[in-house]
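This report refers to the structure that appears directly beneath it.
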């Protein structure tokens with residue numbers, strides 16, 4: 001793209017696309033059908049495959065293809081909370097595990113299943129990110145770093161799919177949960193009242209319904225709860241001094257006395 005081409009991307013086009021997206025938000029249209037789709041979900045606390053182990057993922061993927069067929073919808077939901085401590089004091093092994101599970105596992109599963117989706121011209125990859133994919137918080141530098149990396153990875157793959165010579169309808173969705181009442185959240189002593197501006201705690205059932213609804217409508221960004229969408233926008237324009245005050249309000253989960 002030349003400088004002249006860049007100049008031709010007028011503000012009116014951005015406004016036009018924004019209006020379309022707002023319309024889709026209030027009138028999302030009919031959900032897509034899941035008939036004949038083969039759906040794979042990673043995560044869930046315990047499983048038979050360590051998704052951070054590339055060889056295990058490759059072996060499991062081959063077994064799935066032989067016994068069930070080609071995966072057409074991939075939910076990368078596996079996550080690891082890591083060490084809750086100052087970044088310079090975190091356990092090196094736990095830092096590695098955090099990035100292995102939260103970042104590298106996405107590469108291993110995507111490399112196994114995305115090529116077939118590209119071949120048939122359709123499919124869907126869903127990645128569970130976090131509000132810490134755009135929100136930095138004291139005590140979670142490794143976890144937040146892994147979620148920033150995962151978000152960048154999926155954004156880049158989405159752009160790579162768009163630029164392929166052969167057009168395709170492979171969708172990429174990112175999920176940004178706030179506080180979900182899971183074992184991982186319970187283990188780090190999060191204080192929901194301090195995070196009131198994010199909409200409070202969400203039950204796993206309610207979160208699952210919202211994720212499925214978003215996937216069925218091919219939403220690129222799924223926020224849980226929806227108030228997180230507004231908060232992400234505010235973070236982008238918030239002065240550092242204001243964010244520091246907000247960070248003091250949130251505290252450091254698992255580290256505050």
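Residue numbers (UniProt numbering): 1 to 257.
Every residue, glycine too, gets a C-beta built ideally from N, C-alpha and C.
Here the structure is a predicted model, which means the values were calculated and not measured.
So, with DSSP's three-state summary, where would you put residue i?
i	result
residue 157	helix
residue 177	strand
residue 83	coil
residue 59	helix
residue 135	coil
residue 43	coil
residue 90	coil
residue 66	helix
residue 217	coil
Could you check if residue i is buried or exposed, using at least 16 other CB atoms within 10 Å of its CB as the buried criterion?
i	result
residue 114	buried
residue 89	exposed
residue 177	buried
residue 233	exposed
Do you know how far the Cα of residue j is from the Cα of residue i?
i	j	result
residue 212	residue 39	12 Å
residue 241	residue 139	19 Å
residue 102	residue 168	27 Å
residue 226	residue 235	15 Å
residue 238	residue 230	12 Å
Using a Cβ-Cβ distance under 8 Å, would residue i count as near chain C?
i	result
residue 82	Absent here is chain C; the protein component of the structure consists of one chain.
Kindly identify the DSSP beta-bridge partner or partners of residue i.
i	result
residue 75	41 and 126
residue 304	Since the first and last residues shown for the chain are 1 and 257, residue 304 lies out of range.
residue 201	179
residue 223	176
Can you confirm whether the region 126–141 touches the region 149–169 when touching is taken to mean that 3 or more C-beta pairs between the two stretches lie within less than 8 Å? Touching, per the Cβ criterion.
State whether the region 201–208 contacts the region 116–131, with contact taken as three or more CB pairs (one from each stretch) at a distance under 8 Å. no
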